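Read the structure below first, then the notes.
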Amino acid sequence: MLIGNNFRVKEDLITIYNEIIPKGEIVYCNGVGYESFNLTDENKNYVLEYKEAKKLERI
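So for the sequence shown, this note's numbering puts the first residue at 115; every next one is plus one.
This is the structure in structure tokens:
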């Protein structure tokens with residue numbers, strides 16, 4: 115389950131808008147959709163495809 119959890123990025127992530135979330139970043143999952151999910155850090159929101167979830171480590 116993604117929503118409501120904090121994660122550490124295990125390897126660089128590329129969002130659906132071609133933004134990079136660097137390895138080691140701490141993010142929070144604040145929403146899930148049919149084909150994507152939302153992450154946020156202290157400054158920005160990101161939208162990722164579910165296949166990218168394997169690059170996250172729950173903390």
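Every residue, glycine too, gets a C-beta built ideally from N, C-alpha and C. Everything numeric in this text was worked out from a predicted model, so none of it was measured.
Local Cβ density within 10 Å of residue i, reported as buried at 16 or more and exposed below that
i: ILE135; result: buried
i: TYR261; result: One cannot answer for residue 261 here, as it falls past the ends of the chain, which runs 115 to 173.
i: TYR160; result: buried
i: GLU166; result: buried
Distance, residue j Cα to residue i Cα
i: GLY138; j: LYS168; result: 14 Å
i: ILE173; j: TYR131; result: 25 Å
i: GLY150; j: LYS124; result: Gly is not the amino acid found at residue 150; the sequence shown has Ser there. So the two alpha carbons sit approximately 19 Å from each other.
i: LEU116; j: GLY147; result: 11 Å
i: ASP126; j: GLY145; result: 20 Å
i: GLY118; j: GLU133; result: 22 Å
Paired residues, beta bridge with residue i - DSSP
i: THR154; result: TYR142 and ASN159
9 Å Cβ cutoff met for residue i and residue j
i: CYS143; j: ASN152; result: yes
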